[in-house]
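Straight run, no breaks: the sequence shown in the UniProt record's numbering ends on number 306.
The structure appears below as structure tokens.
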Amino acid sequence: MNILQFNERYPDEASCIHYLKEQREREGVICKNCNSKDHYWLNSLNMFQCKHCKFRTGLKNGTIMENSKLPLRTWLLAMTLVSATKKGFSCLELQRQMGHSRYETVFRLYHKLREAMGKRDNQYKLEDMVEYDEAFVSKATKSSEKTKLKKGRGSQKQATVAVMAESSILEDLITGEKDKSCRYFKMVKIDNLKAKTAEKLIKGLIDKKAVLQTDESTTYANLEDCIDVHVSELSSTKEGKFNLKWAHIAISNLKRDLQKYHMVSEKMLQNYLNEFCYKLNRRYFGKKLFDRLVIASICPYLYTSG
1 MNILQFNERY
11 PDEASCIHYL
21 KEQREREGVI
31 CKNCNSKDHY
41 WLNSLNMFQC
51 KHCKFRTGLK
61 NGTIMENSKL
71 PLRTWLLAMT
81 LVSATKKGFS
91 CLELQRQMGH
101 SRYETVFRLY
111 HKLREAMGKR
121 DNQYKLEDMV
131 EYDEAFVSKA
141 TKSSEKTKLK
151 KGRGSQKQAT
161 VAVMAESSIL
171 EDLITGEKDK
181 SCRYFKMVKI
191 DNLKAKTAEK
201 LIKGLIDKKA
211 VLQTDESTTY
221 ANLEDCIDVH
231 VSELSSTKEG
241 KFNLKWAHIA
251 ISNLKRDLQK
261 YHMVSEKMLQ
271 NYLNEFCYKL
281 NRRYFGKKLF
291 DRLVIASICP
301 YLYTSG
């Protein structure tokens, strides 16, 4: 959805309230007091009221917008701009596009959206055939510290990211040539390259029945308890490059995407990874991406604690 369509669809706050009410009713409202899902709408107060205990829930309660004083139209405008392009915005550019006076407010809003993207993608595990590799991306480092830090693999100037790609092999029936197609990706910032770190990620994010493809690093030497089938090849060989094709493509695209932010702090890096993967996993959604982002922002099973 572009900005012209947004203005036609949501000309005022009332239209935004009506839209969000419909979305929340479709996804389900959970009562904080008794966990009931049966509610009716109080039109005069713009709130839901539990049919069992009469506890009232505001439109923003139980969503990423809870405790925010920003109008709903501001939130929906931000979601429109963020979902309108395959590439991310810098917070400063989003502030300019929204015409908002305070950078800090837009910064918090954008990162809440990124957190919502990550929580949504965390509901799914990768299946079938999964490529796994690590990437080293530059992170914000103080100028006074740069000269004291080492270079190359393991440099403190870089953050380590685990990259997973769910792929499948395609074979041309005429020529017999093989290629790979890819569906979904996951990226997680990790603190180290230890085997225990990889094992924890594989257990949590990849289906045990999947076929895991990695390079021959000692990190992946003993994965019998994590995955049923593990295939490893030297990444420098033709077979190794084929096995990790989409993981390497994703790493290359990630590094190029992060360049527009100039420098990303290690503390916030996971949020940027969330947005990159969320959009990449929904690269064919087109105009539907806005509505999917709204759903990710209000899902009751993601925000019942808040």
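Note that CB positions come from ideal geometry on N, CA and C, so glycine has one too.
Only a predicted model underlies this, so the values are computations on that prediction, with no experimental measurement involved.
Residue i burial status per 10 Å Cβ neighbour count (16 or more: buried)
i, result
"Ala78", "buried"
"Ile169", "exposed"
"Gln95", "buried"
"Met65", "buried"
"Gly176", "exposed"
"Glu231", "The residue asked about is misnamed: residue 231 is Val in this sequence, not Glu. Answer is exposed; the Cβ neighbour count stays below 16."
"Ser305", "Residue confidence for Ser305 is low, a pLDDT of 47 falling below 50, so the modelled location carries little weight; the figure read from the coordinates is stated next. Exposed, since its Cβ has fewer than 16 Cβ neighbours within 10 Å."
"Arg283", "exposed"
"His39", "buried"
"Lys112", "buried"
Under the three-state DSSP convention, the category residue i falls into
i, result
"Ser305", "Low confidence applies to Ser305: its pLDDT is 47, below 50, so where it sits in the model is not reliable, and the reading given next is rough at best. Coil at Ser305, not helix or strand."
"His39", "strand"
"Gly28", "coil"
"Gly58", "strand"
"Phe290", "helix"
"Tyr10", "coil"
"Ser44", "coil"
"Tyr19", "helix"
Rounded C-alpha distance that separates residue i from residue j
i, j, result
"Cys91", "Thr57", "30 angstroms"
"Leu109", "Trp75", "8 angstroms"
"Asp225", "Lys208", "9 angstroms"
"Phe185", "Lys54", "43 angstroms"
"Ile190", "Leu273", "12 angstroms"
"Ala296", "Asn271", "14 angstroms"
"Glu275", "Gly118", "7 angstroms"
"Met187", "Glu199", "15 angstroms"
"Leu205", "Phe48", "35 angstroms"
"Leu280", "Ser101", "31 angstroms"
"Cys16", "Leu72", "6 angstroms"
"Leu258", "Val137", "9 angstroms"
"Thr105", "Lys241", "44 angstroms"
"Asn174", "Thr141", "Looking at the sequence provided, one finds Ile at residue 174 rather than Asn. Distance between the alpha carbons of Ile174 and Thr141 is about 53 angstroms."
"Lys194", "Gln156", "16 angstroms"
"Met129", "Leu201", "16 angstroms"
"Cys50", "Ile30", "9 angstroms"
"Asp179", "Phe89", "33 angstroms"
"Thr237", "Leu244", "11 angstroms"
"Ser167", "Asn253", "17 angstroms"
"Asn43", "Tyr19", "14 angstroms"
"Leu81", "Val229", "42 angstroms"
"Leu302", "Asp172", "42 angstroms"
"Ser36", "His248", "46 angstroms"
Of the residues the options, the one placed nearest residue i, counting alpha carbons only
i, options, result
"Leu126", "Ser232, Cys16, Lys203 and Leu258", "Lys203"
"Cys299", "Glu115, Pro11 and Thr85", "Glu115"
"Lys196", "Tyr220, Met98, Glu177 and His248", "Tyr220"
"Met263", "Lys86, Phe290, Ala159 and Lys279", "Ala159"
"Asn122", "Ser236, Met164 and Trp41", "Met164"
"Cys34", "Tyr40, His52, Phe48 and Val106", "His52"
"Arg256", "Ala14, Glu131, Lys157 and Lys87", "Lys87"
"Gln97", "Asp291, Lys69, Asn2 and Glu266", "Asn2"
"Tyr261", "Glu22, Glu93, Leu42 and Tyr10", "Glu93"
"Asp291", "Glu13, Ala84 and Ser36", "Ala84"
"Lys267", "Asp179, Cys31, Tyr19 and Lys139", "Lys139"
"residue 308", "Glu131, Ile227, Thr218 and Ser265", "An answer regarding residue 308 cannot be provided, because it is not within the stretch 1 to 306 covered by the chain."
"Ala162", "Arg120, Trp41 and Leu269", "Leu269"
"Gly62", "Cys182, Leu70, Lys32 and Glu13", "Lys32"
"Asn233", "Tyr19, Phe107, Asp133 and Gly286", "Residue identity differs from the one stated: residue 233 is Glu in this sequence, not Asn. If we check each option's Cα against that of Glu233, Asp133 comes out closest."
"Ala250", "Ser235, Val229, Cys277 and Asp228", "Cys277"
"Glu13", "Ile227, Val82 and Leu70", "Leu70"
Just list the alpha helix (DSSP H) runs in the UniProt domain "ISXO2-like transposase" (125-281), keeping only unbroken ones of 4 residues or longer that don't cross its boundaries, in chain order.
-> As far as the UniProt domain "ISXO2-like transposase" (125-281) is concerned, its whole alpha helix (DSSP H) runs of at least 4 residues are 143-146, 195-205, 238-243, 245-258 and 269-281.
Taking the runs of the alpha helix (DSSP H) that are 4 residues or longer, which of them lie wholly in the stretch 46-130?
-> List check, alpha helix (DSSP H) in window: 72-83, 91-98 and 103-121.
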